[in-house]
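J.:
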Ligand code: HEM
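What follows is the structure in structure tokens.
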């Protein structure tokens, strides 16, 4: 009904980035959604975001995003064409089941230990310096090193693996330059070919390893060789890009609220609360992107069919209707389980949530054990309202 339709406010992306939490809070009070001047709609409130994550009128974007970026073939394009994240219905379910079953059989405790080993290694490398830059010297490398162990990357192949993961991931950040896209394509090709070789050899080399289990589950779910490969590459992207900013936020927020850092140092059981509150306060993934295949009506504010929709975790996780005093970082808030929205929802809900939480827990726990005197030199700024979020440099120091 036309007289029922209410005007949706249009917001410039630059204005949003200038004060993301403030802008979202202002609109959230009066509107369930905003439109972005460059195209697309952003859903703001927790209850709507959670509900719409499972709404079949919103579908994964398949190859729409690479097409928009002028990409129609190649190793990066294949990630969208053959990966689970952008797939729908049975294709998605089949691709996801293969990885999900292999992750379920991999011991989480095993992975925790990979993270702890990687964290110790990174701290040992800088311990004598008395200070480090958290993003480049810790948060960016930690998940790559832990995943490399899970995927049996050998020590001599590790520097190439690390370089290629970083170069490939640059494609998924806002506004990559043409040079960055070309480098990401080359890196994705090299990574895919190295992984294909490892998958070929894996049974003979290490029966019982994660990759050999995955090879079996990929066969059971009839994944083609390219599909089989792409779920692992998506796992690498998901497992590294989601973690970088999340790790920096949890450490920086605790250090910026010194009494909470000291509580975690003296009560390690609080580590899980710190992870949940950090994911709520500033999630590393801004939200999930979908396309509306039918019109969506949110109390008279309409998303027309055919448009992109961002279900914003950044906004929802500070929704005053759900979280009291939402702009305060508080380990003791009663509703911490609701931070689960940071892992998405519905059919695409993070397939490795337990692994993500474990990495954030151990990445923090090792720091509190090894460097309880850690201090923040200045707070980082977190940006990005669409998918992967970025953090500025964050220097920390300690006494030794
Ligand atoms: C703090 C850590 C993490 C966060 C916040 C996070 C967040 C998310 C979110 C929001 C989604 C849903 C995306 C969508 O619906 O469009 C997702 C999906 C996914 N995540 Fe994670 N993730 C984390 C850790 C990980 C890890 C450690 C891995 C792999 C080892 C991983 C692999 C994936 C994959 C493969 C998907 C696609 C699932 C599907 O499409 O069915 N994530 N993640």
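In the working numbering, the protein residues as written are 68 to 467.
Every residue, glycine too, gets a C-beta built ideally from N, C-alpha and C.
When a residue counts only if its C-beta is closer than 5 Å to some heavy atom of the ligand HEM, which residues count, in chain order?
T.: Per the Cβ criterion, the list is 151, 152, 163, 301, 302, 305, 306, 309, 313, 352, 355, 409, 410, 411, 415, 417, 418, 419, 422 and 423.
J.: Between which two residues does the beta strand (DSSP E) holding residue 368 run?
T.: Along the chain shown, read from residue 1 onward, the residue named residue 368 stands at position 301. Taken as a continuous stretch (DSSP letters only), the beta strand (DSSP E) holding residue 368 covers 368–370.
J.: Please return the same chain residues whose Cβ sits closer than 7 Å to the Cβ of residue 454, not counting the five positions on each side in sequence.
T.: Reading the chain shown from its first residue, position 387 is the one you call residue 454. Result list for residue 454: 239, 352, 353 and 356, in chain order.
J.: Leaving out five residues on either side along the sequence, give the residues of the same chain with a beta carbon under 6 Å from the beta carbon of residue 69.
T.: Against the chain shown, residue 69 aligns to sequence position 2. Residue placement at residue 69 is poorly supported in this model, since its pLDDT is 49, which falls under 50; the coordinates are not used for a value here.
J.: Between the alpha carbons of residue 445 and residue 461, how many angstroms are there, rounded?
T.: Along the chain shown, read from residue 1 onward, the residue named residue 445 stands at position 378. Along the chain shown, read from residue 1 onward, the residue named residue 461 stands at position 394. Cα to Cα, residue 445 sits roughly 6 Å from residue 461.
J.: Spell out the partners DSSP gives residue 379 in its beta bridges.
T.: Working through the chain shown from its first residue, we reach residue 379 at position 312. Answer is 354, bridged to residue 379.
J.: From residue 274 to residue 280, what does the alpha carbon distance come to, in whole angstroms?
T.: Stepping through the chain shown from its first residue, residue 274 is reached at position 207. Stepping through the chain shown from its first residue, residue 280 is reached at position 213. Between residue 274 and residue 280, the C-alpha separation is close to 8 Å.
J.: Quick one: Cα of residue 39 to Cα of residue 196, how far?
T.: No information on residue 39 is available, as it lies outside the stretch 68 to 467 that the chain covers here.
J.: My parser needs the alpha helix (DSSP H) runs of 4 or more residues fully inside the stretch 90–154; what are they?
T.: Listed in chain order, they are 113–119, 131–135 and 142–149.
J.: According to DSSP, residue 405 sits in a beta bridge with which residue or residues?
T.: Taking the first residue of the chain shown as 1, we reach residue 405 at position 338. Bridge partners of residue 405: none, in fact.
J.: Have a look at the DSSP bridge pairing and note the partners of residue 363.
T.: By 1-based counting over the chain shown, the position of residue 363 is 296. Paired residues: 370.
J.: Rounded to whole angstroms, what is the Cα-Cα separation between residue 290 and residue 259?
T.: The count along the chain shown starts at 1 and reaches residue 290 at position 223. The count along the chain shown starts at 1 and reaches residue 259 at position 192. Cα to Cα, residue 290 sits roughly 16 Å from residue 259.
J.: Ignore the nearest five residues each way along the sequence and tell me which others in residue 87's own chain have a CB closer than 7 Å to its CB.
T.: Sequence index remark: in the chain shown, residue 87 carries index 20 (1-based). Counting only Cβ-Cβ distances below 7 Å, and skipping sequence neighbours, we find 381 and 452.
J.: Could you pull out every residue in the same chain whose Cβ sits closer than 7 Å to the Cβ of residue 148, ignoring the five residues on either side in sequence?
T.: Along the chain shown, read from residue 1 onward, the residue named residue 148 stands at position 81. Cβ within range, chain order: 130.
J.: Would you list the one or two residues that DSSP bridges to residue 199?
T.: The sequence position of residue 199 within the chain shown is 132, counting from 1. Per DSSP, 463.
J.: Just confirm the distance between the C-beta atoms of residue 450 and residue 84, as a whole number of angstroms; I'd bet it's less than 8 Å.
T.: Looking up residue 450 in the chain shown gives position 383. Looking up residue 84 in the chain shown gives position 17. With 8 Å as the limit, residue 450 and residue 84 qualify as a contact, their Cβ atoms being about 6 Å apart.
J.: Quick one, which of 250, 165, 421 and 204 has its alpha-carbon nearest residue 283's?
T.: Translated into positions along the chain shown, residue 283 becomes position 216. Closest option to residue 283, Cα to Cα, is 165.
J.: Using DSSP's beta-bridge definition, name the partner residues of residue 176.
T.: Position 109 of the chain shown holds residue 176. Looking at the DSSP assignment, residue 176 forms no beta bridge with any residue, so it has no partner.
J.: Measuring only the C-alpha atoms, how far is residue 73 from residue 170?
T.: What you label residue 73 is simply residue 6 of the chain shown in a count that begins at 1. What you label residue 170 is simply residue 103 of the chain shown in a count that begins at 1. Distance between the alpha carbons of residue 73 and residue 170 is about 45 Å.
J.: Taking 9 Å as the cut-off, decide whether the C-beta atoms of residue 220 and residue 254 are in contact.
T.: As a first step, residue 220 is located in the chain shown; it is residue number 153 there, counting from the start. As a first step, residue 254 is located in the chain shown; it is residue number 187 there, counting from the start. Cβ atoms of residue 220 and residue 254: not closer than 9 Å.
J.: Using the C-alpha atoms, what's the distance from residue 310 back to residue 268?
T.: Sequence index remark: in the chain shown, residue 268 carries index 201 (1-based). Sequence index remark: in the chain shown, residue 310 carries index 243 (1-based). Roughly 29 Å separates the two Cα atoms.
J.: Taking just the CA atoms, how far does residue 314 sit from residue 223?
T.: The residue labelled residue 223 in the question sits at position 156 within the chain shown. The residue labelled residue 314 in the question sits at position 247 within the chain shown. Their Cα atoms are separated by approximately 27 Å.
J.: In this structure, how does DSSP classify residue 338 when only helix, strand and coil are distinguished?
T.: What you label residue 338 is simply residue 271 of the chain shown in a count that begins at 1. Helix.
J.: Cα separation between residue 266 and residue 386?
T.: Residue mapping note: residue 266 aligns to position 199 of the chain shown, counting from 1. Residue mapping note: residue 386 aligns to position 319 of the chain shown, counting from 1. Cα to Cα, the separation comes out at about 44 Å.
J.: Taking only the alpha-carbon atoms, compute the straight-line gap between residue 328 and residue 376 and give it to the nearest angstrom.
T.: Residue mapping note: residue 328 aligns to position 261 of the chain shown, counting from 1. Residue mapping note: residue 376 aligns to position 309 of the chain shown, counting from 1. Approximately 37 Å, taken between the alpha carbons.
J.: Which residues in the same chain as residue 79 place their Cβ atom closer than 6 Å to its Cβ, once the five residues preceding and following it in sequence are excluded?
T.: Taking the chain shown and counting its residues from 1, one reaches residue 79 at position 12. The answer, listed in chain order, is 104.
J.: Taking Cβ positions, are residue 383 and residue 77 nearer each other than 9 Å?
T.: Walking along the chain shown from the start, residue 383 turns up at place 316. Walking along the chain shown from the start, residue 77 turns up at place 10. No, the Cβ-Cβ distance between residue 383 and residue 77 is not below 9 Å.
J.: Buried or exposed for residue 320, please, with buried defined as at least 16 other CB atoms from any protein chain shown within 10 angstroms of its CB.
T.: For this step, residue 320 is matched to residue 253 along the chain shown. Classification for residue 320: buried.
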